[in-house]
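Chains as they are written, first to last, in this note's numbering: chain A, 5 to 481; chain B, 408 to 909.
Ideal placement from N, C-alpha and C gives every residue a C-beta, glycine not left out.
So, in structure tokens, the structure goes:
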């Protein structure tokens, strides 16, 4: 990159807000995915006006811009795939307004997800979307990826909780879309921008809904001797139209890995557990709990434990939310999938994943949002071994193809990014993709915003592309 | 405007099934929008026919206005040009997986017909419209219609999973998926919601369905003043209670709704009702206005208090949940100075508008906007998005505006953050109409002062010549124009009907 751009950015933001040394940039070539891409320069704006000037500079020099929150994303969304400027929002981290009467908060994009809840829970409110990374991921990243989480089963995903945005367009213009109120006249630009993975505009302010904390919560752990019994339980809970607040599946392999680290009290000899939570009015959760226990027992649960108190509940959730961290302790690398299937197809799909794992000689762990049918198979592999890497990608492709074949989706909450861009033709026709390209053209005509994401490069007919081997000397082990 | 040659008409006719093409005066009159009649009325009975008609229209530069049951066509501005009225006559349920609570339907199916099917599985789709259950799914989506149940379920954007539509170039396109969670690709289906047929012709939609609660109950609570009713709302909002629906009716709105049953307490037969509706819609056509009849005539009269503010609280769940709401709502209401707390009676057959209604009152309230216009054809009915915390100030401002311009006003407040306001002039004469136009502009400004925005949902065609029904455009219009150009580069889909003249 032309050092002139870096000097310009330093002049705009000050030297302490611009990183361009190789060793500094290496810190930003990763996110939570298995992809790697190094930006040419990293900048830390403090205000919307800073962002405007960064975008204007990028325009003058025609270099790509990619936004980044905490870098916890799992699809490569926050990586500068084609280099250029990486805008990191860690210094735009203020909660600007809390309006309890109208159940809204206005926040900057760098605010950590959980910090919104922490700021309002004293008054009996919370911010509902709860990605497992909620202690570190930012609201800007949540908006870009339309993030989900365990409790989105009942409460909905990010898009259901965002009513307005302030954005900087690729032209450098600042625009407000939506607002605190609902049903803004005109097209629903807020609905379009949430989940657009930073390819249409740069979000500089987010207006979110705050939700009343439930009066009562009950957390259950159902323990099974077979995976099938656990998945049949989920299918039956869904079929009875019981909507728990959360319904999470962990197979025996995963929970043993988790238990070794978190000591949540998961039974080490089980084949699978379901972590089920119900919340709401006392009268409602009592009945729901009874019915869920009934379904668990009908499906041969070995045991159904009910968390005695908040401490026990928190421990169970700690186990669930730190699962990926636990897996990281035992494998050089792992590849998390994000397929979605109809809930009725859960038992058959888990069997299929098992078959695919055996075919490619991988241990595939399963820990996922079962109530939504949102699978997260984890493929463990060693990135130093090129053969393993390629087999991991191939196995993932087969799992995705299966999800689509049963009427599902290639991503439930992680986003397409560049991890799954080549899989898009599995779900969408060329005409569908062309419509999406036109949307991008309407907002981001020069293509400078987060290039190389969402859209497949190949004139693909659904073939899984084996990506170039990404390992560099800096790959973490 | 281009004159349609016979040869062009013949080609258009050949694109659809025999008997689905109309150019007779009566058919054209039936599809009049704000005094604008089309050149031809076409019913498409397959997606391929929708594609063919739109492609043909694009090639011949003919303007197409899609519709379902032609009920909500009074919404929006008059079309800038209008050649083809395209009815999307696709009525099938494409797939329904009750055990997954997901559904895929064609756009022309009526909400009530669909919910009757879902009811067999004790499920439903919490969509709604000012015209009740006779609206089509495509029409509800294109107009972003909603009703009392939005309090608990949100609007279509909250449970629409995916959509298929035909672009202005006649390309069959989809976005989203069929499963309850998918973030693959742009949510173009969210753009289509409320786009009034300007981006594409909706042909099918995928939804998540919801369980019908085993028990429901509706409470009618009366208050001497708006601020008392709002105090009750606040008490509910900060309690653990979870009402399904929460609407507030002004005394004037109550009077208006009470007057819609001309039979008084006598129950009308179905035949009588149909005859009255036909008479009314004929009169409307003769005035050169859209035929936007609702289910106006029902019986008996709802009997809302005309002196007080009425709060309607819908509750649902198991018996214990419903009982707890009743037990706790009553003292909450009295603490807010309620003068009466009653449970609504179950509906009498045959005319509730939605299969899941538990009392007649909801069917009156949900149609407030269309009914107000129906009974007062000189009126303007506005929809104002305003936060509940600003309801009181906004209502006071709107009362002042109405008085200043010598208009009567009636309001329905939906606690999620929407006010429906009917401004009623003494007549359609020029003087009152000018005052009405000025009042609408003042309401636009008052809504902005309350950090919200207003649009006119229904008003006489004549008023639309002086006032933009969408209110003053905002800075976001340029982007919307870009999007419109990408999806409909020739500008043939519902031209001029939408926000900012799109």
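Query: Anything in chain B within Cβ reach of residue 347/A, meaning under 7 Å, just list it in chain order.; Result: 507
Query: Can you tell me whether DSSP reads residue 610/B as helix, strand or coil?; Result: strand
Query: Residues of chain B with CB closer than 9 Å to the CB of residue 274/A, please, in chain order.; Result: Those within 9 Å of residue 274/A in chain B number zero; the least Cβ separation is about 26 Å.
Query: Below 8 Å on the Cβ atoms is my contact criterion, and I expect residue 232/A with residue 351/A to pass it. Report the Cβ-Cβ distance as a whole number of Å.; Result: 5 Å
Query: For the beta strand (DSSP E) containing residue 170/A, list its first residue and its last residue.; Result: 166 to 172
Query: Relative to the alpha-carbon of residue 59/A, which residue among 242/A, 448/A, 461/A has its alpha-carbon at the smallest distance?; Result: 448/A
Query: Below 8 Å on the Cβ atoms is my guess for residue 512/B versus residue 612/B; work out the distance and round it to an integer in Å.; Result: 6 Å
Query: With 9 Å set as the bound, which would you pick, yes or no: does the beta-carbon of residue 417/A sit closer than that to a beta-carbon of chain B?; Result: yes
Query: Name, please, each residue of chain B whose Cβ falls closer than 9 Å to the Cβ of residue 161/A.; Result: 588, 590
Query: Can you look up residue 750/B in the DSSP assignment and give me helix, strand or coil?; Result: strand
Query: Out of 727/B, 867/B, 891/B, which one is the CA nearest neighbour of residue 574/B?; Result: 891/B
Query: Short of 9 Å Cβ to Cβ, which residues in the stretch 608 to 639 of chain B face chain A?; Result: 616, 617, 618, 619
Query: Taking Cβ positions only, does residue 344/A come closer than 9 Å to chain B?; Result: yes
Query: Between residue 96/A and chain B, is any beta-carbon pair separated by less than 9 Å?; Result: no
Query: Return the bridge partner residues of residue 10/A from the DSSP annotation.; Result: None; residue 10/A has no bridge partner.
Query: Can you tell which of 716/B, 820/B, 871/B has the C-alpha that lies nearest to the C-alpha of residue 558/B?; Result: 820/B
Query: Between the stretch 135 to 153 of chain A and the stretch 406 to 425 of chain A, do three or more beta carbon pairs fall short of 8 Å?; Result: yes
Query: Short check: CB of residue 37/A to CB of residue 80/A, under 9 Å?; Result: yes
Query: With hydrogens ignored, establish whether the beta-carbon of residue 282/A is closer than 8 Å to any heavy atom of the ligand MG.; Result: This structure lacks the ligand MG; in fact it carries no ligand of any kind.
Query: Going by DSSP, what residue range makes up the alpha helix (DSSP H) through residue 450/B?; Result: Run containing residue 450/B: none in the alpha helix (DSSP H); it sits in the beta strand (DSSP E), 447 to 451.
Query: Determine, using beta carbons only, whether residue 626/B and residue 750/B come nearer to each other than 9 Å.; Result: yes
Query: Give the single residue among 474/B, 719/B, 836/B whose Cα lies nearest to the Cα of residue 489/B.; Result: 474/B
Query: Give me the DSSP bridge partner(s) of residue 144/A.; Result: Answer is none; residue 144/A lacks a bridge partner.
Query: Of all Cβ atoms in chain A, is any one closer than 9 Å to the Cβ of residue 703/B?; Result: Caution is warranted here: a pLDDT of 42 is assigned to residue 703/B, below 50, making its placement in the model unreliable, and the coordinate value is therefore given only provisionally. Not one chain A Cβ lies under 9 Å of residue 703/B.
Query: The alpha helix (DSSP H) that contains residue 267/A, what's its start and end?; Result: From DSSP, residue 267/A is part of no alpha helix (DSSP H); its letter is neither H nor E.
Query: Considering only C-alpha positions, which residue in the set 167/A, 305/A, 413/A, 222/A is nearest to residue 311/A?; Result: 222/A
Query: So what's residue 618/B in DSSP terms, helix, strand or just coil?; Result: strand
Query: Count the other CB atoms within 10 Å of the CB of residue 258/A; is the residue buried (16 or more) or exposed (fewer)?; Result: buried
Query: With DSSP as the reference, label residue 877/B as helix, strand or coil.; Result: coil
Query: For residue 334/A, is the classification buried or exposed, using 16 other Cβ atoms within 10 angstroms of its Cβ as the cut-off for buried?; Result: exposed
Query: Starting from residue 554/B, find everything on chain A with Cβ-Cβ shorter than 9 Å and list it in chain order.; Result: Near residue 554/B there are no residues of chain A at all, since even the closest Cβ is about 13 Å away, more than 9 Å.
Query: Measuring CA to CA, which of 814/B, 835/B, 456/B, 884/B is closest to residue 828/B?; Result: 814/B
Query: Is residue 199/A buried or exposed, if buried means 16 or more other CB atoms sit within 10 Å of its CB?; Result: buried
Query: Note down, in chain order, all residues in the stretch 238 to 255 of chain A with a beta-carbon under 9 Å from any beta-carbon belonging to chain B.; Result: 239, 240, 242, 243, 244, 245, 246, 247
Query: Going by C-alpha distance, which of 562/B, 785/B, 523/B is nearest residue 867/B?; Result: 785/B
Query: Could you tell me which of 794/B, 528/B, 623/B sits nearest to residue 243/A, measuring between CA atoms?; Result: 528/B
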